[in-house]
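Down below is the structure, laid out as structure tokens.
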Amino acid sequence: LIRTFFFHFISQVVGVAVAAVEANESVGCQTLCPLSYAPICATDDSGNTQTFPNECALQTENCLKKSTFQKTTDGPCP
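Numbering (mature numbering (1 follows the signal peptide of the UniProt record, and there is no 0)), first residue to last: -23 to -1, 1 to 55.
So, in structure tokens, the structure goes:
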């Protein structure tokens, strides 16, 4: 009985861990960026501008939201 319980418990833990890894890989986005503040201004395909705290944040935004921002200048947007 203890072996069965232990096996079932381990199977559940492994299943949850595999599901979490698969979900993260399906996104495949870098989500940890340095806290350094080096603002950049970026523009997307629609002409919208946005200030990002650094280039990593811009890349993360594009990946997570499937946006198309490209760096236009150093510093915040006007």
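Think of the CB as a built atom: it goes at the ideal place given N, C-alpha and C, for glycine as much as any other residue.
Keep in mind the model is a prediction, meaning the values are calculated, not measured.
**Request:** Could you check the C-alpha separation between Thr37 and Cys54 for me, to the nearest Å?
**Result:** 18 Å
**Prompt:** Which residue from Gly24, Thr8, Cys18 and Leu41 puts its Cα closest to that of Asp51?
**Reply:** Cys18
**Prompt:** Expressed to the nearest angstrom, what Euclidean distance is found between the alpha-carbon atoms of Leu9 and Cys33?
**Reply:** 8 Å
**Request:** If I'm right that Asp22 touches Thr45 with Cβ under 8 Å, what's the distance once you round it to whole angstroms?
**Result:** 5 Å
**Cβ distance (whole Å) where Asn39 is taken to contact Pro11 below 8 Å** = So it is not a contact: roughly 17 Å between Cβ atoms.
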